[in-house]
Amino acid sequence: MTPLDIVVCVKNVPFTQDVDLVVDASGRDVRKDNLVYVVNEWDNYAVEEAVRLKEENGGTVTAVTVGGEDDEEVLRRCLAMGADEAVRIEPGNLRPDGFVTAALLAAAIAPLQHDLVLSGVQSDDLNQGVVGGLLAERLGLPHASVVDSLTVGDTGADLRIELEGGQEEVCRVPLPALLSIQTGINEPRYVSIMGIRKAAKKEIRVIEAGSLGLAPAELEPALIVEGLYLPPEAEGAAMLQGDPAALAEQIVRIMREKGVCNA
Amino acid sequence: MPIERIHFWGVGAVPLFYVLAALSIVAFAVGVYLRVSVWLSARGSHKLRIGPAGVAKLLADGLFGRRIFQGDFTAGVMHLLIMWGFAGLFVGTVLSTVDHWIVHYLTGQTYRVFSLCMEVFGLMLAAGLLLALVRRYVVRVRRLDNQPRDLWILVLLAAAVVTGFFVEATRLAVEVPRLAGEAPAWESSSFGGLGLSHLLSSAGEAEAIYPYLWWLHAVICLGLVGYFPFSKLFHAIAAPVNIVVAGPAARPAQAAGGLPESDETGTEEDEVAAAPRFAFADMLAFSACTRCGRCEQVCPSASAGEPFSPRDFIVQADSYVRAAGASRAYAGARAKLLRRGSAAADLALGAAPAAAPRPSPEQIWYCTTCRACLEVCPVYVGAYQPIGRVRVAEIEDGSRVAPLLVTALETLYRFGNPWEPSKRKRGEWPAGLDVPDLTAGAEAGLCYWVGCTTSFDTRAQKLARAFVRILQYAGVPFGTLGQKETCCGDIARRVGEFGLFEEGVEKTSGLLEKYGVTDLVTSSPHCFNLIKNEYPPANGPLASSALASGAPAQSGAPAQGGAPAAGDGDGESRSPLRVRHYTQVLEQLAAEGKLSATPDGRSMPQSSPRVVTFHDPCYLGRYNGIYEAPRAVIRSLEGARLVEMPRSRADSLCCGGGGGRLWQELEGEKKLGEVRVREAAATGADTVVTACPYCLIMLEDAVKTADLEGTLRVMDLNELVAESLGLVPEEE
Numbered sequence: 001m002t003p004l005d006i007v008v009c010v011k012n013v014p015f016t017q018d019v020d021l022v023v024d025a026s027g028r029d030v031r032k033d034n035l036v037y038v039v040n041e042w043d044n045y046a047v048e049e050a051v052r053l054k055e056e057n058g059g060t061v062t063a064v065t066v067g068g069e070d071d072e073e074v075l076r077r078c079l080a081m082g083a084d085e086a087v088r089i090e091p092g093n094l095r096p097d098g099f100v101t102a103a104l105l106a107a108a109i110a111p112l113q114h115d116l117v118l119s120g121v122q123s124d125d126l127n128q129g130v131v132g133g134l135l136a137e138r139l140g141l142p143h144a145s146v147v148d149s150l151t152v153g154d155t156g157a158d159l160r161i162e163l164e165g166g167q168e169e170v171c172r173v174p175l176p177a178l179l180s181i182q183t184g185i186n187e188p189r190y191v192s193i194m195g196i197r198k199a200a201k202k203e204i205r206v207i208e209a210g211s212l213g214l215a216p217a218e219l220e221p222a223l224i225v226e227g228l229y230l231p232p233e234a235e236g237a238a239m240l241q242g243d244p245a246a247l248a249e250q251i252v253r254i255m256r257e258k259g260v261c262n263a
Numbered sequence: 264m265p266i267e268r269i270h271f272w273g274v275g276a277v278p279l280f281y282v283l284a285a286l287s288i289v290a291f292a293v294g295v296y297l298r299v300s301v302w303l304s305a306r307g308s309h310k311l312r313i314g315p316a317g318v319a320k321l322l323a324d325g326l327f328g329r330r331i332f333q334g335d336f337t338a339g340v341m342h343l344l345i346m347w348g349f350a351g352l353f354v355g356t357v358l359s360t361v362d363h364w365i366v367h368y369l370t371g372q373t374y375r376v377f378s379l380c381m382e383v384f385g386l387m388l389a390a391g392l393l394l395a396l397v398r399r400y401v402v403r404v405r406r407l408d409n410q411p412r413d414l415w416i417l418v419l420l421a422a423a424v425v426t427g428f429f430v431e432a433t434r435l436a437v438e439v440p441r442l443a444g445e446a447p448a449w450e451s452s453s454f455g456g457l458g459l460s461h462l463l464s465s466a467g468e469a470e471a472i473y474p475y476l477w478w479l480h481a482v483i484c485l486g487l488v489g490y491f492p493f494s495k496l497f498h499a500i501a502a503p504v505n506i507v508v509a510g511p512a513a514r515p516a517q518a519a520g521g522l523p524e525s526d527e528t529g530t531e532e533d534e535v536a537a538a539p540r541f542a543f544a545d546m547l548a549f550s551a552c553t554r555c556g557r558c559e560q561v562c563p564s565a566s567a568g569e570p571f572s573p574r575d576f577i578v579q580a581d582s583y584v585r586a587a588g589a590s591r592a593y594a595g596a597r598a599k600l601l602r603r604g605s606a607a608a609d610l611a612l613g614a615a616p617a618a619a620p621r622p623s624p625e626q627i628w629y630c631t632t633c634r635a636c637l638e639v640c641p642v643y644v645g646a647y648q649p650i651g652r653v654r655v656a657e658i659e660d661g662s663r664v665a666p667l668l669v670t671a672l673e674t675l676y677r678f679g680n681p682w683e684p685s686k687r688k689r690g691e692w693p694a695g696l697d698v699p700d701l702t703a704g705a706e707a708g709l710c711y712w713v714g715c716t717t718s719f720d721t722r723a724q725k726l727a728r729a730f731v732r733i734l735q736y737a738g739v740p741f742g743t744l745g746q747k748e749t750c751c752g753d754i755a756r757r758v759g760e761f762g763l764f765e766e767g768v769e770k771t772s773g774l775l776e777k778y779g780v781t782d783l784v785t786s787s788p789h790c791f792n793l794i795k796n797e798y799p800p801a802n803g804p805l806a807s808s809a810l811a812s813g814a815p816a817q818s819g820a821p822a823q824g825g826a827p828a829a830g831d832g833d834g835e836s837r838s839p840l841r842v843r844h845y846t847q848v849l850e851q852l853a854a855e856g857k858l859s860a861t862p863d864g865r866s867m868p869q870s871s872p873r874v875v876t877f878h879d880p881c882y883l884g885r886y887n888g889i890y891e892a893p894r895a896v897i898r899s900l901e902g903a904r905l906v907e908m909p910r911s912r913a914d915s916l917c918c919g920g921g922g923g924r925l926w927q928e929l930e931g932e933k934k935l936g937e938v939r940v941r942e943a944a945a946t947g948a949d950t951v952v953t954a955c956p957y958c959l960i961m962l963e964d965a966v967k968t969a970d971l972e973g974t975l976r977v978m979d980l981n982e983l984v985a986e987s988l989g990l991v992p993e994e995e
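Chains as they are written, first to last, in our numbering: chain A, 1 to 263; chain B, 264 to 995.
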């Protein structure tokens, strides 16, 4: 098997599960100062997949992120998982949306050796799912998204792509290619504190956004948020009561009525 | 003609005997060297800490095999017979050599006494071997997994004894008639051989076969000497060493796994190593194990039919470290020969010894770290300690960690608890109760360390609410650290996440120091044990150095295993921080009469007395020797009668919740907790009381799955006390 040089795009995102989000003073964003940041879930699977491919075939894994110094935490995590190099693109005063992020990533990745570029399907904070496709376009690579199985052979990569209704599409792409990875493609390894401490000694390369030679127009967000609000409380919730057997019957009846199940 | 010890009587080529003897001694020395070099290959300290307690244990457990008798008297008798028979004959051979080479003293009366002793030792060995063979192959004692090597060593020893007696018999068949009348009845001290000598028809026949028998006996015995360090007989050397060294007094700070001593800094510098790094003490323990299988019988996991075996783990780990040692030795020898230009190096050494597989990573998560294996082991081998070492390696590697545990550890890292992704919710359990917050300026002598599980689990929260009501009732000023409390590090410690453990220690120590806590009481025996026994001394260096050097400190830990615990485990630690489990506080309150139901003359609504049985939590009992405190509290209550389960106190059966098992999806035939609640129900008790949030959750769960709901109630000791005091019962 020939060695693969793999680039993985990762993002540090706020952890929002079980958190009561509050819209900030600008009305266009949520307050993030008291949120805990974690690796974007999809990216975690992408990094694991990249590291496994490297362990099987040899080669290198380079993790790339767009973000400030605090976001280096996510890169150290990648290094602890087995990435060889880490690159942080410092956005400075830019406010990167998916389009700007893709432009920055493309400019930084283009000069790197890459047989395969992996990203997550989407990010947990913005949920747009556009960076993978835009980045592939800019790098001139074939692109597949929602990849939940990946095997690399000499003639290219064999993929399975998750479709609606539990269907799968099986396809093959030539390499180099860009693949957006779906959660569940693997079981990401545990990253120990010792591992992260060791990784903290490795160097992280920082590239200033301004040094990438992009035109000012490319660094303007294409998507402008006008306002943000919490969904109003709606009707429709029903509290069921009774013993477990009766409850189960009630639930099954409701599910039938709503067409959730036919049994 | 005086009677005397005769040497090399008519056996021919005596020099050949010395050549063979030299060979067997060389084999013995090489074998011992190999085994010891494996011990010494352990990273970290190789210091043997020998104290008076260790020597006392050596006398009781080594010379008299005390713990072998426990629970299996026949085994104790068998071992004593074989050990003393073997040792006696060995000493006899040495004395005989002295007689031959140095001073000829085995004559007359001395010789008669000597002969008598040899006769007795020989018969002891023979009887012991017979007993062993019967136990293994006739009675078939279940815990013994008979392997060819077990039979082989018994047959070899038996052959040595039988040929020995026949050599004696043939000699007597010639000697007795020859010396008849010269020394009256001298031969009666060799009664065994004398009896056998009557089987021989004539002195001439005896004289003819004597040399053959003698050489056969000599070759078998010399073979045994050479084979000794390569066989399980090596335990005769390793076990005494382990008995002296093992024990919490000698091995602090690494009680249930973790890194070998003085190794923390090493791991940071070194390459990521997925191979387990066993400590010196582990290596000794591996060599001491004789696969007797007692651990297997008491292990909550193995005895419930789960695919885990503490014995097999030890055996596997032993062959792993020995294969690693052998391949190191092989590589060394090969390199030496190659340097000298010998092309036949590989030929001479044969193929490299096959590396034994390392202990299987799937198995190690079954261990509850309950310490029952150590409790029953005759030679003080506990599987949970080296298992902790394998866990450290597995966590470092990361790729085989159960998804549930990954989530729990990541939650622990970010939110300071393994249960919920929220720091804020930690403070919600006392809703409606007036609990002073020490971090908000409240002052109190006593700080109640609630713990993660008790704070977040809805069932366990009730134990905290009951404890708070009791403290208020008894008028004890106390406070908590509110939502600032964090994980003490126990969970990380047990699953081998050493970095996270260190963080827990640092954060907790920092908190306790910041709020001037000097008197701490915990809900959980797990927090209690960790903070009391495994934290570095107050104001001492944190993390690496203190933890690593394992300052002999802190350990109010009980004498290990069968040795009686000192007091009730409430030994004063040297740190200014006093750490108690809540059972100790309740015991004190009960003794002071503050838990009496009618301080103000109110009449208590008293239902019919409960029949209560107490389930000893492992980290309260076996780890800290606290057996009496909870029982004293129960006895002090008017409405409760205490009955004991067959397995109680040091023999308590683990609920299955320890050692990080709550975050594993393990497969087994039956739940560990179910075994326990059935045992509790069988006592006729209507309530099983425990004193640990894990036990509470596990047993409550098991009562439901074992269909004992309505028959057996699971309560925390706090709940029982609160109920008997008529304090507002918890709404269901």
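Glycine included, each C-beta is placed from N, C-alpha and C at the ideal position.
About 6 Å separates the beta carbons of B/A913 and B/E638, which is inside the 8 Å limit, making them a contact pair. For A/D5, the uninterrupted beta strand (DSSP E) segment begins and ends at L4 to C9. Listed along chain A are F15, V36 and V38, each with a C-beta nearer than 8 Å to that of B/R677. Less than 8 Å separates the beta-carbon of B/G679 from that of B/K686. When the alpha-carbon of B/S859 is set against those of B/E901, B/L297 and B/G973, the nearest one is in B/E901. Listed along the chain, the chain A residues whose CB falls inside 7 Å of the CB of B/V669 are Y190. Per DSSP, B/V561 is one residue of the alpha helix (DSSP H) stretching across R557 to V561. Distances from the alpha-carbon of B/L462 to those of B/A432, B/E438 and B/F493 put B/A432 closest. Contacts with chain A at 8 Å (Cβ-Cβ) do not include B/G556. Using a CB distance cut-off of 8 Å, B/L672 counts as an interface residue toward chain A. Distance from the Cα of B/E659 is smallest, within the candidate group A/R256, A/I207, A/K202 and A/I196, for A/I196. Annotated as distal: A/A102 and A/L75, with beta-carbon spacing of 8 Å or more. In the structure shown, B/G294 adopts helical secondary structure according to DSSP, grouped into three states.
Proximity to B/G922 across B/D753, B/R757, B/A323 and B/V713 peaks at B/R757, based on C-alpha coordinates. Looking from the CA of B/M387, the closest CA among B/M346, B/Q410, B/T876 and B/G759 belongs to B/M346. Closer than 8 Å at the C-beta level to chain B, one finds these residues of the segment 193 to 206 of chain A: I193, M194, G195, I196, R197 and K198. Counting only runs that start and end inside the segment 17 to 103 of chain A, the alpha helix (DSSP H) elements of at least 4 residues fall at 41 to 57 and 72 to 81. Between the alpha carbons of A/I204 and A/R88 lies a distance of about 7 Å. In terms of Cβ geometry, A/D148 and A/I185 form a close pair [threshold 8 Å].
Within the segment 75 to 107 of chain A, those residues whose Cβ lies closer than 8 Å to any Cβ of chain B are, in chain order, M81.
Proximity of B/G661 to chain A, defined by a Cβ-Cβ separation below 8 Å, is satisfied. Look at B/N680 here: in three-state DSSP terms it is coil, with no helix or strand label.
Annotated three-state conformation of A/E162 is strand, per DSSP. Proximity of chain A to B/V848 at the Cβ level (cut-off 9 Å) is not reached, the minimal Cβ distance being about 34 Å. For A/M194, the enclosing alpha helix (DSSP H) starts and ends at I193 to A199.
Taking 8 Å as the threshold, the shortest C-beta distance from B/L763 to chain A falls below it. With its beta carbon at least 8 Å from every one in chain A, B/V425 lies outside the interface. For A/R205, the pairing in a beta bridge is given by DSSP as A/V87. A/H143 has A/L178 as its beta-bridge partners, per DSSP. Every alpha helix (DSSP H) stretch that sits fully inside the segment 615 to 680 of chain B and reaches 4 residues is listed by chain position as 635 to 639, 647 to 660 and 666 to 678. Residue-level contact by beta carbon fails for A/E162 and chain B, as no gap is shorter than 8 Å. In the DSSP assignment, B/Y711 falls within the beta strand (DSSP E) that extends over L709 to W712.
Interface residue (Cβ-Cβ distance to chain B less than 8 Å): A/D18 is classified as such. When 9 Å is used as the limit between beta carbons, B/S685 is near these residues of chain A: D18 and V19, in chain order.
A Cβ-Cβ separation of about 4 Å places B/H878 in contact with B/T953 under the 8 Å criterion. Using a Cβ-Cβ cut-off of 7 Å, B/P666 is close to E187 of chain A, given in chain order.
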